[in-house]
Amino acid sequence: MSIVLTEADEERIRAWIEALESDRAGSIANEEAIARIGLPYPIAGAGKHRIVFDAGEGLVLKVAKVPKGVACNGNEVWLYDRSPPELRRHLCDIVDFGYGWVVMKKMTARVPFRDRYVEQLDRICEEFLAAGIVIRDLYTRRRNRPRKKNIRLDEKRDKVVLIDYANVHIAIGSPGEA
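Residue numbering for the sequence shown follows our numbering, beginning at 41 and increasing consecutively.
Given below as C-alpha cells:
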C-alpha cells in the first residue's frame, strides 16, 4: 500500500490504468478522464500524457492520462532513483509511486525569465548531458526558451528544480556513468 494514497485511491488508479492498457479508455478529454479516474483531489494541471492532482500536504499526484503517461511516470521514477546525488538535487523529490502514478513534492514558485535562471537551467542540462542523459521538454522548440511549466524554483527561490523530467533519452551509459 502507498504511504500517501488510500487503498481506495490506489484501486481507482489501478482500474483506470487497466482501462487505458486494454484500450477501453481511448482518447478522451481531460475532464472526462478526471471524472473516470474519480479521485477526490482538486486538479493542479494536465498535460498531454498525465493529469496532476493536488494531493494536499505539499504533494502532487501525477496519474497517466494515456498509455504513454504510464511510461512517463516510470521514466521519472527511473531517473530519480538512479541519478547520483549531484544530479538528483535538480529533480523534484518523488515521495511515492506505483504503476501509472507518482507522488511528488509540490513546487509552486514559478521561474521568471531572468538570465541567472536561464543560465542555471543550461548548467543543469549540461550536467545531465555529461552523465549521458538528455531531458527533453525543458526548452521550447521554436524559441529555445525555458519551458516554464516544467521547472520551478526551490523554497528559497534561488535554485531551479525540474518538476517534469519524464521525457528522458539516455545518450550514453546510465546515470552516473560518463
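Positions of the beta carbon are idealized from the N, C-alpha and C atoms, including for glycine.
It should be emphasised that the depicted structure is a prediction, and the values quoted were computed from it without experimental measurement.
Below 8 Å CB to CB, which residues in the same chain sit around LEU202 once its five sequence neighbours on both sides are set aside?
Cβ within range, chain order: HIS130, LEU131, CYS132, ILE164, ILE175, LEU178, ASN190, ILE191.
ALA104 versus ILE57, GLU167, VAL158, residue with shortest Cα-Cα distance
Check the Cα spacing between ALA104 and each of ILE57, GLU167, VAL158: the tightest is with ILE57.
Taking the DSSP output, what are the residues bridged to GLY114?
For GLY114, which the question treats as bridged, DSSP gives no partner whatsoever.
Would you say GLY100 and LYS146 are within 7 Å of each other, going by their C-beta atoms?
Note that residue 100 is Val in the sequence shown, not Gly. Yes; because the gap between Cβ atoms is below 7 Å, this pair is in contact.
Express the C-alpha separation of HIS89 and PRO80 in angstroms, rounding to a whole number.
Going from the Cα of PRO80 to the Cα of HIS89 covers about 20 Å.
Kindly list the residues whose CB is nearer than 7 Å to the CB of LEU161, restricted to its own chain and excluding five residues on each side of it in sequence; keep chain order.
Taken in chain order, the residues that qualify are LEU178, PRO186, ILE191, VAL200.
Just list the beta strand (DSSP E) runs in the region 141-216, keeping only unbroken ones of 3 residues or longer that don't cross its boundaries, in chain order.
If only uninterrupted beta strand (DSSP E) runs of at least 3 residues are considered, those enclosed by the region 141-216 are 141-145, 173-175, 191-193, 200-202, 208-210.
For GLY49, which of helix, strand or coil comes out of DSSP?
The residue asked about is misnamed: residue 49 is Asp in this sequence, not Gly. Note: ASP49 maps to helix in three-state DSSP.
If we count the other Cβ atoms within 10 Å of its Cβ and call it buried at 16 or more, is ALA48 buried or exposed?
Counting Cβ neighbours within 10 Å, ALA48 comes out exposed, since fewer than 16 surround it.
So for GLY98, helix, strand or coil by DSSP?
Residue state, collapsed to three classes: coil.
Let me know the secondary structure DSSP gives ARG129 once reduced to three states.
Coil.
For ASP198 and ALA206, the rounded distance between their alpha carbons
Near 23 Å, if we compare the C-alpha coordinates of ASP198 and ALA206.
Alpha carbon of ILE52 to alpha carbon of ALA73, nearest angstrom:
Before going further, note that residue 52 is Arg rather than Ile in the sequence given. Each residue's alpha carbon lies about 12 Å from the other.
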